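Presented below is the structure to which this report refers.
There are 2 protein chains.
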Amino acid sequence: MKRRPTITDVAEAAGVSVSTVSKAVNGRYGVASETVDHVLAVVAELGYESSLIASSMRSRTTGVIGVLVADFEPFSAEILKGVGQALRDSAYDLLAYSGTHGTAEGWERRSLSRLSGTLIDGAIIVTPTVVNVGTEVPVVAIDPHTGPADLPTVEADSFGGALQATRHLLDLGHTRIGFIAGRPDLRSSIARDAGYRRALGDAGIAVDPRLVGSGSYRQDAVRVAALEMLERPDRPTAIFAANDISAMEIVKVAGELGLDIPTDLSVIGFDDVPEASKSTPALSTVRQPMQTLGAEAARLLLSLMRGETPPATHLTLPTRLVPRATTAPPK
Amino acid sequence: MKRRPTITDVAEAAGVSVSTVSKAVNGRYGVASETVDHVLAVVAELGYESSLIASSMRSRTTGVIGVLVADFEPFSAEILKGVGQALRDSAYDLLAYSGTHGTAEGWERRSLSRLSGTLIDGAIIVTPTVVNVGTEVPVVAIDPHTGPADLPTVEADSFGGALQATRHLLDLGHTRIGFIAGRPDLRSSIARDAGYRRALGDAGIAVDPRLVGSGSYRQDAVRVAALEMLERPDRPTAIFAANDISAMEIVKVAGELGLDIPTDLSVIGFDDVPEASKSTPALSTVRQPMQTLGAEAARLLLSLMRGETPPATHLTLPTRLVPRATTAPPK
DNA sequence: ATGAAAGCGCTAACAA
DNA sequence: TTGTTAGCGCTTTCAT
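Read top to bottom, the protein sequences are chains X and U.
Residues in the first sequence are numbered consecutively from 1, following UniProt numbering.
Residues in the second sequence are numbered consecutively from 1, following UniProt numbering.
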């Protein structure tokens with residue numbers, strides 16, 4: 001717990017000025033090579049490391065890329081792995097930040113504001129709650145907010161995925177198919193809703209509004225909606241949830257209600273987070289390439305930071321049906 | 001890309017001094033409540049957010065906890081989820097940092113030095129390369145370095161896990177069992193090595209040094225070691241790898257060599273990262289509770305930051321054998 | 001109750 | 001080639 005040496009300590013120990021140390025450490029011109037050697041020796045001896053914070057207050061660039069997430073949950077963790085992979089060979093450090101735990105609307109604006117302009121040279125924001133973030137650094141959004149996207153975005157084909165999921169249930173013979181929606185402010189959630197409706201429409205089935213619940217990706221909300229849906233006499237024989245976490249909560253609620261999965265109720269999710277395949281029974285879902293999402297966002301950001309004009313600033317990656325053990329024909 | 005408002009902007013717009021704004025925003029005493037209201041209104045209007053960096057340079061505490069990782073790979077991602085979970089209801093923000101991508105020895109000392117004293121109030125370092133980190137903030141190590149642990153640590157029972165893994169192979173009837181070791185500077189790696197040797201010893205089998213390779217948890221090193229081991233005429237019929245990433249690389253190498261898993265070669269890993277169960281064939285492994293590791297580390301750190309003296313500062317969590325499809329009796 | 005001023009550790013003109 | 005100086009945005013005495 002001893003005090004970290006500062007540039008002043010180094011300067012004193014080396015018998016030179018603070019600015020000389022700064023120059024030596026940062027390899028600026030105009031320092032005698034012997035002086036550099038001497039300073040660096042002192043630096044090594046004292047174990048000096050420049051404070052990222054202090055440096056970033058003065059210099060415009062820090063060599064750090066920030067990933068802003070509402071929370072470190074399975075989805076964002078996968079994204080993070082992808083970003084890490086893409087940045088592995090770059091010179092950038094990676095800083096992931098979860099502020100105020102995404103409880104408040106506009107968490108990303110707040111986080112971005114606190115970090116940008118100084119700490120990070122560019123940012124990737126995951127499932128943001130606002131469209132507009134005025135910043136001084138390039139920003140890429142993953143799974144963006146609804147509304148006009150002035151930000152470069154990377155997302156998965158949610159509409160197509162929802163279509164596949166709902167059709168899968170239809171193909172199995174289900175006709176009463178429920179839907180638990182996600183965060184209504186996310187473009188992806190809306191697309192999943194639309195995909196669900198389209199698939200039903202294509203099959204000539206009218207959407208029963210009592211079979212559509214709002215889950216907002218929050219377990220408590222999902223629970224309420226699922227309970228309400230499953231306790232009614234004409235309950236659905238299958239439910240499509242807008243993400244895996246919601247789907248897993250539905251499975252849990254069904255279990256508490258004494259419903260057998262998939263005999264009494266089929267459930268399908270969206271995302272294919274690692275937890276999906278490990279749950280019992282293994283969750284049927286629609287896979288979105290989360291790590292690739294992260295990697296592509298990183299590549300896009302890097303390109304933006306180099307001042308380039310990337311050919312495409314709105315990427316949509318394909319999704320794929322992954323049927324597992326929670327979907328089966330109705331009784 | 002417009003400039004973020006600073007405290008000076010707010011002060012000007014509100015017609016008060018910078019210090020008054022600071023006091024108002026931070027709820028300090030000595031400001032008329034009408035002034036506070038007025039200032040806060042301007043703050044809201046301008047969308048001002050204090051710069052984390054600038055604040056942290058002046059105040060000793062920031063309300064941010066840092067997790068330092070070499071890299072955002074599956075293992076550390078799981079840890080991160082656990083830490084996030086444990087901190088969900090705390091008032092702390094979470095900042096995960098991967099600097100210099102763990103390539104250089106002592107990355108965590110460097111990162112810690114750059115962040116601590118200013119940006120973060122406490123840190124969790126994952127698989128550090130050094131024992132000693134002199135800092136101004138409390139630090140907890142997960143999967144710590146070998147050597148006298150002056151740091152509070154949280155780790156899994158690597159020795160017991162390795163014992164289970166090797167015995168599993170023994171029980172299946174294997175007698176020529178190889179081992180690909182991990183990072184030799186990690187206490188856990190050494191314990192896994194020891195567990196392997198103990199299990200063989202207990203079974204009355206001498207350790208064949210040609211059946212022990214060093215992988216250092218790096219894919220290229222693992223590949224070399226695996227190739228060397230598997231190309232010899234008296235190749236092992238089973239290999240225990242010190243972590244899953246290594247094990248998966250071995251499976252890959254075996255495939256290239258035309259060896260069938262698990263018929264020609266059994267492979268078992270360690271960790272049970274999400275990828276293990278998703279690989280084909282599904283990897284047999286020893287599960288360590290990574291998320292719990294992270295959560296416990298967070299709890300320990302929180303307690304330390306409150307100035308408490310926790311009852312135990314060295315936690316060891318249990319591991320569990322998870323046999324899957326890559327282990328079978330020898331031909 | 002308010003504001004002026006110092007300074008956190010560092011970088012970048014500018015002077016010497 | 002080196003050192004001096006002026007801030008970066010903020011918090012915190014200390015005057016007013």
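Cβ coordinates follow ideal geometry from the N, Cα and C atoms, glycine included.
Computed from a predicted structure; not experimentally measured.
- Pairwise C-beta distances place the segment 58-71 of chain X in contact with the segment 118-133 of chain X, as three or more of them are shorter than 8 Å.
- CA-to-CA, the gap between X/V251 and U/K23 works out to about 50 Å.
- For U/L68, the three-state secondary structure derived from DSSP is strand.
- A straight line joining the alpha-carbon of X/G47 with that of U/A86 spans about 33 Å.
- Scanning chain U for C-beta atoms nearer than 8 Å to the C-beta of X/Y97 yields D93, L94, L95 and A96, reported in chain order.
- Using a Cβ distance threshold of 7 Å, U/R183 and U/T237 do not count as a contacting pair.
- Taking 7 Å as the CB threshold, U/K252 stays off the interface with chain X.
- When the five nearest sequence neighbours on each side are left out, the beta carbons in the same chain lying within less than 8 Å of the beta carbon of U/V130 are those of E105, G106, E108, R109 and H145, in order along the chain.
- Fully enclosed beta strand (DSSP E) runs of no fewer than 3 residues occupy 64-68 of the segment 13-77 of chain X, in order along the chain.
- Counted as a single uninterrupted DSSP element, the beta strand (DSSP E) harbouring X/G178 occupies residues I177 to A181.
- At the C-beta level, U/A297 and U/I142 come within 7 Å of one another.
- With a cutoff of 7 Å on beta-carbon distance, U/I180 and U/A225 are scored as near each other.
- Listed by position along chain X, the residues whose Cβ is nearer than 8 Å to that of U/A77 are A77, E78, L80 and K81.
- Collapsing the DSSP output to three states places U/T153 in a strand.
- It is roughly 29 Å from the alpha-carbon of X/T127 to the alpha-carbon of U/L301.
- As a beta-bridge residue in DSSP terms, X/G122 pairs with X/I65.
- By the Cβ test, the segment 208-218 of chain X is not in contact with the segment 152-165 of chain X, since fewer than three Cβ pairs between them sit closer than 8 Å.
- With its beta carbon at least 7 Å from every one in chain U, X/L227 lies outside the interface.
- Taking C-alpha positions only, X/Q219 is separated from X/D244 by approximately 11 Å.
- When the five nearest sequence neighbours on each side are left out, the beta carbons in the same chain lying within less than 8 Å of the beta carbon of U/Y97 are those of G66, V67, L68, V69, S111 and L115, in order along the chain.
- Chain X has no Cβ within less than 7 Å of the Cβ of U/I205.
- Going by C-alpha positions, U/P262 is about 33 Å away from X/P318.
- With respect to chain X, the C-beta atom of U/S266 has no partner C-beta closer than 7 Å.
- Exclusion of the five residues before and after X/L321 leaves Q164, A165, H168 and V286 as the residues of its chain whose Cβ lies within less than 7 Å of its Cβ.
- C-alpha of X/L200 to C-alpha of X/A241: approximately 15 Å in a straight line.
- As for any alpha helix (DSSP H) of minimum length 4 sitting wholly inside the segment 264-328 of chain U, the runs are 274-278 and 290-305, ordered along the chain.
- Under the 10 Å beta carbon count, X/P138 is surrounded by 16 or more other beta carbons and is classified as buried.
- For X/L172 and U/Q291, the gap between their C-alpha atoms comes out near 36 Å.
- Within the DSSP bridge table, the entry for U/L257 names no partner.
- The straight-line gap separating the alpha-carbon atoms of X/E45 and U/T327 is approximately 51 Å.
- X/E78 and U/S277 have their C-alpha atoms spaced approximately 16 Å apart.
- Within the segment 175-195 of chain U, no residue has its Cβ closer than 9 Å to any Cβ of chain X.
- Interface annotation, X/L40: not in contact with chain U, CB-CB separation never under 7 Å.
- Taking 7 Å as the Cβ-Cβ cut-off, the segment 147-164 of chain X has no residue approaching chain U.
- Taking 7 Å as the cut-off, the Cβ atoms of X/L119 and U/I53 count as close.
- For the C-beta of U/A54, the chain X residues within less than 8 Å are, from N- to C-terminus, M57 and T118.
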